[in-house]
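Only one structure is covered here, and it is reproduced in the block below.
2 protein chains.
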Amino acid sequence: MKKFNFKILNRDGAARVGEIATPKGNISTPAFMPVGTAATVKAMLPSSVRSTGAQILLSNTYHLMLRPSAERINALGGLHKFMNWDGPILTDSGGFQVMSLSELRKITENGVDFKSHIDGSKHFLSPERSMEIQKLLGSDIVMSFDECTPFPETKLRSEASMQMSMRWAKRSVEAFGERPGYALFGIQQGSIFKDLREESAKKLGQLSFDGYAIGGLAVGEGQDQMFKVLDYAPGQLPNDKPRYLMGVGKPDDIVGAVERGVDMFDCVLPSRSGRTGQGITRYGAVNLRNARHKNDPRPLDSECSCPACSNYSRAYLHHVIKTGEIIGSMLLTWHNLHYYQTLMNDLRQAISNQHLSKFVKDFREMQSIGDIEKI
Amino acid sequence: MKKFNFKILNRDGAARVGEIATPKGNISTPAFMPVGTAATVKAMLPSSVRSTGAQILLSNTYHLMLRPSAERINALGGLHKFMNWDGPILTDSGGFQVMSLSELRKITENGVDFKSHIDGSKHFLSPERSMEIQKLLGSDIVMSFDECTPFPETKLRSEASMQMSMRWAKRSVEAFGERPGYALFGIQQGSIFKDLREESAKKLGQLSFDGYAIGGLAVGEGQDQMFKVLDYAPGQLPNDKPRYLMGVGKPDDIVGAVERGVDMFDCVLPSRSGRTGQGITRYGAVNLRNARHKNDPRPLDSECSCPACSNYSRAYLHHVIKTGEIIGSMLLTWHNLHYYQTLMNDLRQAISNQHLSKFVKDFREMQSIGDIEKI
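Protein chains in written order, with the working numbering: chain Z, 44 to 418; chain F, 44 to 418.
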């Protein structure tokens, strides 16, 4: 079986263009992974997600372990078959959502006892159980089990949390074992403290993961603070492995993180905003609910080739969003995911051509327009 | 411009196979028209609706006149462009929905004053206004404005209602005028009274419509009563024009009506049931919400080639319906519309091969199974 592998093809400053090879297909980096929380990228068929340029999906351990359960998905042939996506899938460890969504959780060194936010049923997650679930799902890129340190947090508590995550990372490696063709990523913690991040990176480096995530960011610290951490965090991690910034983000978050050496991203923003009537464009976000669109025959973005922009007016998008029609969610989600993949492709080209700083300057100017309307 | 035209190609008993030619494309009959109430077939892209075999859509005058308004759609280039459907569109007259949905309506010989069920705004519909709206929309097959006689109703009131509809039909013809390439259909009323239906058909026949609908059925009278009317009503209408049974129906309603000489149908059932987790199959309706599907690796119907049946298990459909995921509505609507178009195609073949009675016998046996599960 083809092995999991990462190759850097080009660099521009700290930014890199690379390729992750997996048995289920290659992933060009910097890459954006659409989120398929409950075994579906909401309002999209997998073939449509693929057509936007997406090469890998993210799915959520926490949601799937509760419904329909990892054991059931395994018995049905695994997550790829279940959700009809034959490309690579990355699953998170469940650690983040168990903190943010579940009820009555109790964290000990061993793991986390919690109650389902859906039906109150009791569950347990630990490094060993998280590895087991992700294996049952058939995930191609498995995330080690960690605690996402809350923000803000004292340095003392941030350190204790990071140290537990590092012990959990070691247990994750041991539980994961040898699985050719599948990858295990470690997750750096340490909040906004450079020396804690350094120590976390060092401990992870000793465990020889296939890739490294930067965890504990995009949790309320703001873009300035996040970029300050990203000025050093990617460089603390092994240079020859993919670096993944979890849960990020808005287009300008992604651009700033790519400039600083990040290779992978995931975020619910493009799909979630699509369902609430937000179109994300080169010119910034456009609220299609706004009445000023109701007579507008122009597409959301005349240069976009997605089905929403190719076939419909802003007036139609406004109409179907206002009337709560499902096609509104379908079209805007499609557009937003298409825009994100176009952005990633543009970033890869800019890095390959050593034009990243010019690209970023142009990108920021365009985004500051706020809406194509105003041109 | 190509004219609107209807040709009967084959017959088997009272049933006919035909072809309606319109400037926007041909329609093989017996035909089922998916319903695109608010300028969208709910949870479907137009290209997906087309891929099921649909050749014509129905859209609703009442809903569109309220939101986004016929004038706005006209200013945006008409309904076809607005909703991205380049095939023929039939619009109803608004008469049925104004009775069933609107508030504070007042019916006079002139027309109907009513308040919108959405925002309480005041509106007026009459034969002249209905023709104007349907013209503004760019509808290919325009329905004359009528009153759908409630059921049950006394013969005296049924006659009065029918007579008013016949006067409205005449006003509809006059208001419609000469519009080459566009068709106007008259609507037969008369409740369940054969002589009233006969008189209605005679009056409509004098107005030389391009087609004729059988109105006032599927309003609570039940299938037995409906079939009794259909034993004579289609034969009262001109033989060389399409006959359209409005708002029908379940697969066995359609089969029984085709046997009795009906050529066109529309119904929200396949799309609405799709959104509530009902799969409509050769074997009857399957409720995918039922827990017995949760471990079932089989497709909804192994002989169906729609995306839901080709790519997903019953377990997946159960999961996405239980979790309220939009893809559940998308997949089941697609399946149901695909099944309806397959049924219409099978009916056309059976009539062409003079095998309709055998087809109907087999169809009834299959449907009585109730669920593929039980085979």
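Each residue gets a CB set at the ideal place from its N, CA and C atoms; glycine is no exception.
When we look at the beta-carbon of residue i and count the other beta-carbons within 10 Å, is it buried (16 or more) or exposed?
| i | result |
| --- | --- |
| G317 of chain F | buried |
| I418 of chain Z | Bear in mind that a pLDDT of 46 at I418 of chain Z, under 50, signals an unreliable position, so the number given afterwards is only what the model happens to contain. So I418 of chain Z ends up on the exposed side. |
| T398 of chain Z | The question names Thr, but residue 398 of chain Z is His in the sequence shown. Exposed, since its Cβ has fewer than 16 Cβ neighbours within 10 Å. |
| Y383 of chain F | buried |
| I161 of chain Z | exposed |
| R222 of chain Z | exposed |
| D344 of chain Z | buried |
| A334 of chain Z | exposed |
| N127 of chain Z | buried |
| P66 of chain Z | exposed |
| D283 of chain Z | exposed |
| R286 of chain Z | buried |
| T324 of chain F | buried |
Can you check which of these residues, the options, is closest to residue i by C-alpha distance?
| i | options | result |
| --- | --- | --- |
| I257 of chain F | F:F228, F:Q249, F:G56 | F:F228 |
| I394 of chain F | F:N53, F:A328, F:F49, F:V329 | F:N53 |
| D183 of chain F | F:Q279, F:T366, F:M387, F:G254 | F:G254 |
| T134 of chain Z | Z:V92, Z:S90, Z:A82, Z:R93 | Z:A82 |
| P111 of chain Z | F:E368, F:N396, F:S372 | F:E368 |
| A300 of chain Z | Z:E217, Z:K46, Z:A58 | Z:A58 |
| A97 of chain Z | Z:T104, Z:L360, Z:P89 | Z:P89 |
| K246 of chain F | F:M174, F:A212, F:L375, F:M76 | F:A212 |
| Q140 of chain F | F:N103, F:L119, F:K165 | F:N103 |
| D189 of chain F | F:H166, F:I51, F:L250, F:S136 | F:S136 |
| P432 of chain F | F:A328, F:G304, F:D306 | Only positions 44 to 418 of chain F appear in the structure, and residue 432 of chain F is not among them; the question remains open. |
| F402 of chain Z | Z:G413, Z:D389, Z:P195, Z:T151 | Z:D389 |
| Q177 of chain Z | Z:S215, Z:G163, Z:K198 | Z:S215 |
| V298 of chain Z | Z:I51, Z:T385, Z:S356 | Z:T385 |
| N117 of chain F | Z:K237, Z:P340, Z:N354 | Z:P340 |
| H166 of chain F | F:V185, F:R391, F:G138 | F:G138 |
| C191 of chain F | F:K124, F:V311, F:S204, F:G371 | F:S204 |
| D164 of chain F | F:L374, F:R148, F:V92 | Correcting the residue type first, residue 164 of chain F is Ser in the shown sequence and not Asp. When each option's Cα is compared against that of S164 of chain F, the closest is F:R148. |
| R332 of chain Z | Z:H361, Z:I150, Z:M387, Z:G120 | Z:H361 |
| F236 of chain Z | Z:E264, Z:G248, Z:A218, Z:T366 | Z:E264 |
So with Cβ pairs under 9 angstroms, would you call residue i a contact of chain B?
| i | result |
| --- | --- |
| H362 of chain F | Looking for chain B here will not work: the only protein chains present are Z and F. |
With respect to the alpha helix (DSSP H) encompassing residue i, which residues constitute its N-terminal and C-terminal limits?
| i | result |
| --- | --- |
| V84 of chain F | Looking at the DSSP string, V84 of chain F is not in any alpha helix (DSSP H), and its letter there is neither H nor E. |
| Q140 of chain F | 138-143 |
| M72 of chain F | It should be noted that the sequence gives Thr, not Met, for residue 72 of chain F. Note, T72 of chain F: premise wrong, no alpha helix (DSSP H); beta strand (DSSP E) at 68-72. |
| T104 of chain F | 104-109 |
| E114 of chain Z | 113-118 |
| V78 of chain Z | V78 of chain Z -> no alpha helix (DSSP H), and no H or E assigned at all. |
| L273 of chain F | 266-273 |
| R200 of chain F | 198-219 |
| L239 of chain Z | 237-248 |
| L280 of chain F | No alpha helix (DSSP H) contains L280 of chain F, which DSSP labels as neither H nor E. |
| K124 of chain F | 122-126 |
Identify every residue that forms a DSSP beta bridge with residue i.
| i | result |
| --- | --- |
| V60 of chain F | F:N53 |
| S287 of chain Z | It should be pointed out that residue 287 of chain Z corresponds to Tyr in this sequence rather than to Ser. Bridge partners of Y287 of chain Z: Z:A256, Z:M307. |
| F167 of chain F | F:D156 |
| Q421 of chain F | What the structure shows of chain F is the stretch from 44 to 418, and residue 421 of chain F is not part of that stretch, so it cannot be assessed. |
| N9 of chain F | Look at the range of chain F in this structure, 44 to 418, and you will see that residue 9 of chain F is not part of it. |
| M186 of chain F | F:F228 |
| T65 of chain F | F:G68 |
Would you call the CB atoms of residue i and residue j closer than 9 angstroms?
| i | j | result |
| --- | --- | --- |
| G292 of chain F | I364 of chain F | no |
| W377 of chain Z | A351 of chain Z | yes |
| P131 of chain Z | I99 of chain Z | yes |
| M108 of chain F | L168 of chain F | yes |
| G68 of chain F | F49 of chain F | no |
| L122 of chain F | L180 of chain F | yes |
| F157 of chain F | S145 of chain F | yes |
| Y259 of chain F | F194 of chain F | Here residue 259 of chain F turns out to be Gly, not Tyr, going by the sequence shown. Going by C-beta atoms, G259 of chain F is nearer than 9 angstroms to F194 of chain F. |
| S251 of chain F | Q232 of chain F | no |
| A64 of chain F | F47 of chain F | yes |
For the beta strand (DSSP E) that residue i lies in, which residues bound it at each end?
| i | result |
| --- | --- |
| F228 of chain F | 226-231 |
| M387 of chain F | Run containing M387 of chain F: none in the beta strand (DSSP E); it sits in the alpha helix (DSSP H), 369-395. |
| V2 of chain Z | The structure shown has nothing for residue 2 of chain Z, since chain Z only spans 44 to 418. |
| K422 of chain Z | The structure shown does not extend to residue 422 of chain Z, since chain Z is modelled only from 44 to 418, so the question has no answer here. |
| F146 of chain F | The sequence as given places Glu at residue 146 of chain F; Phe does not occur at that position. Segment 146-150, the beta strand (DSSP E) holding E146 of chain F. |
| L133 of chain F | 132-134 |
Given 8 angstroms as the limit, tell me if residue i has its C-beta closer than that to any heavy atom belonging to the ligand SAM.
| i | result |
| --- | --- |
| L260 of chain F | Because no ligand of any kind appears in the structure shown, any question about the ligand SAM cannot be addressed here. |
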